[in-house]
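In terms of this note's numbering, the sequence shown opens at residue 4 and continues consecutively.
For every residue, glycine included, the Cβ atom is placed at its ideal position computed from N, Cα and C.
Quantities reported herein were computed from a predicted structural model and do not represent experimental measurements.
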Amino acid sequence: MYALVDAVAFYASAEKVFDPAIRSKPVVVLTNNDGCICAVCPIARRLNIPKFAPYFKVKQLLAQNNVVIRSSNYELYADLSDKMMNVIGRFCDVQHVYSIDESFLHFNGYTPVINDWFAYGHTIRRTVWRETKLPVGVGFGPTATLAKAANHAAKKLSGFNGVAVINCEASRKAILQRMSCQDIWGIGKRLAKKLKVMNIHTAWQLAQQNPNSMRRAFSVVVERTVNELNGIPCLNWDDVRQDKREVFSTRSFGERIYEPTALKTALINHVTVVASKLRKQKSLCKQLYIFAASSSHENVFYKKSYMYTFASPTNDTCVMANAVSQVFEQIYQPGIRFYKCGVGALELIAQEFQQDDLFNKRTDNPVLMNCLDAINKRYGKGMLSLASSKLNEGWHMNRNFLSPQYTTRWRDIPKIYC
């Protein structure tokens, strides 16, 4: 049996954890630079607040309904996600964290012990709420895809109250018949339109198709989906969540920047994020893509990029930051109103397959990087960083509705008055 535990409107729910005053109010969270709505809590959803709508277009609607607005507080979300995943992991020995707000569990060997999956799901929900104050939905199924479908039912379909179980033919049919093709894991809107032309509208109708025919018409992915919908496991954890083949960090600036120190500081911060992600998935990169650009709406559009090749694959922040410093003068152009910049790690290889070169001296320091990651994990993101990442703070994005970083910054620790 598989389970998928998924937070309800995670970003919006996370904003309510340390602010009880807004728990009963509609809350929305905005994307980078407060551009669009990226998260809508269930209360706000009932007001027909559209997700992904540009903020300036719905600003008046939000004000009329007294909606609480928050900027994306990534530091808070990452910390609460870690806490939530740790709680969920206590309920099963085999856990696979799929995203910041989703976690799969595989109860291989637990099945004879757990007789009531509904009760077990509600136990998971209550425990996560008690220890993190985050609402979650829990779905159980004999395959990862059916667990995902059950989770959809638990959160979106009436009559399930946060927990859904597919453990027999009747429950499988009941849920899949109420589920559209675009809501199936791995299908999406684009493929659902093609299925609609074939008169396949629901997950149940897709499950009735011949897997080989679906493979010929579409791909092996759809064939596996059909099998999974029929209770035949086809996915393993590597299929569920593969390591990224490329790792990027890019962002638009809150305001146009001219100063070289501001642009360089931004690039160093991006390369710091990329290096950290590489170490987290135990990958090394052979090449680093570095770019900066003005807005396409400027009278003269400017974009310059550089591809840096390392002598030896690396994930060392210092080595990668040095690469940025070496090519910076080739990217920066005086007088340009820079709107966006970023860094990407390409040609990734697994750290375990790294082969040393007899003629190239390695410049990275794994021990130092392990120390850096350990300190930042314990004391908060950015507690220890490169000096060059702090030269100019004027490049940061606009976050005009930012809530405190309650768990990762000392001055934001909540005060309790007795």
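Secondary structure in the stretch 70-121: the alpha helix (DSSP H) runs of 4 residues or longer, each lying completely within the stretch, are 77-92 in chain order.
Contact check for valine 346 and leucine 281: beta-carbon distance about 11 Å, past the 8 Å limit, so the pair fails to qualify. For the pair asparagine 36 and asparagine 272, the CB atoms are not nearer than the 8 Å cut-off. Within the same chain, and ignoring the five residues on either side of alanine 15 in sequence, the residues whose Cβ sits closer than 7 Å to its Cβ are Val30, Val31, Val32, Ala42, Val43, Cys44. Nearest in C-alpha terms to cysteine 39, of all of Phe59, Phe21, Ile25, is Phe59. Inclusion of valine 229 and leucine 209 in the CB contact set at 8 Å is warranted, their separation being smaller than that value. If you draw a straight line from the Cα of valine 11 to the Cα of tyrosine 77, it is about 17 Å long. Contact check for alanine 206 and isoleucine 235: beta-carbon distance about 15 Å, past the 8 Å limit, so the pair fails to qualify. For valine 11, the three-state secondary structure derived from DSSP is coil. Annotated as distal: serine 297 and leucine 351, with beta-carbon spacing of 8 Å or more. Counted as a single uninterrupted DSSP element, the stretch harbouring threonine 366 is not any alpha helix (DSSP H), since DSSP gives it neither H nor E. Taking the Cα positions, tyrosine 5 is about 12 Å away from glycine 124. Counting the other Cβ atoms within 10 Å of the Cβ of glycine 144 gives 16 or more, which makes it buried. Annotation: arginine 381 to glutamine 408 spans about 15 Å, alpha carbon to alpha carbon.
When the Cα atoms are used, serine 27 and valine 277 turn out to be separated by approximately 38 Å. By the neighbour-count criterion, in which a residue is buried when 16 or more other Cβ atoms sit within 10 angstroms of its Cβ, aspartate 104 is buried. Listed as beta-bridge partners of cysteine 344 by DSSP are Arg254, Ala295.
The Cβ atoms of leucine 389 and threonine 320 sit closer than 8 Å to each other. In terms of Cβ geometry, arginine 128 and valine 116 do not form a close pair [threshold 8 Å]. Here valine 71 is near isoleucine 25, since their CB atoms are less than 8 Å apart. No Cβ-Cβ contact shorter than 8 Å links leucine 108 with valine 90. For valine 303, no beta strand (DSSP E) run applies, since DSSP gives it neither H nor E.
For isoleucine 178, the uninterrupted alpha helix (DSSP H) segment begins and ends at 172-180.
Per the coordinates, the alpha-carbon of phenylalanine 55 lies some 16 Å from the alpha-carbon of arginine 49. When rounded, the separation of the alpha-carbon atoms in methionine 310 and isoleucine 178 is 49 Å.
Here leucine 33 is bridged, per DSSP, to Ile40, Ser74. Residues of the same chain with a CB within less than 7 Å of the CB of leucine 160, apart from the 5 flanking positions on each side, are Arg181 in chain order.
Residue pairing for tyrosine 5: DSSP places it in a beta bridge opposite His109, Gly144. Rounded to whole angstroms, the gap between the alpha carbons of asparagine 368 and proline 316 is 12 Å. Here asparagine 379 is near leucine 387, since their CB atoms are less than 8 Å apart. Distance between isoleucine 339 and serine 392, taken at the CA atoms: about 21 Å. With 16 or more neighbouring CB atoms inside 10 Å of its own CB, methionine 87 falls in the buried class.
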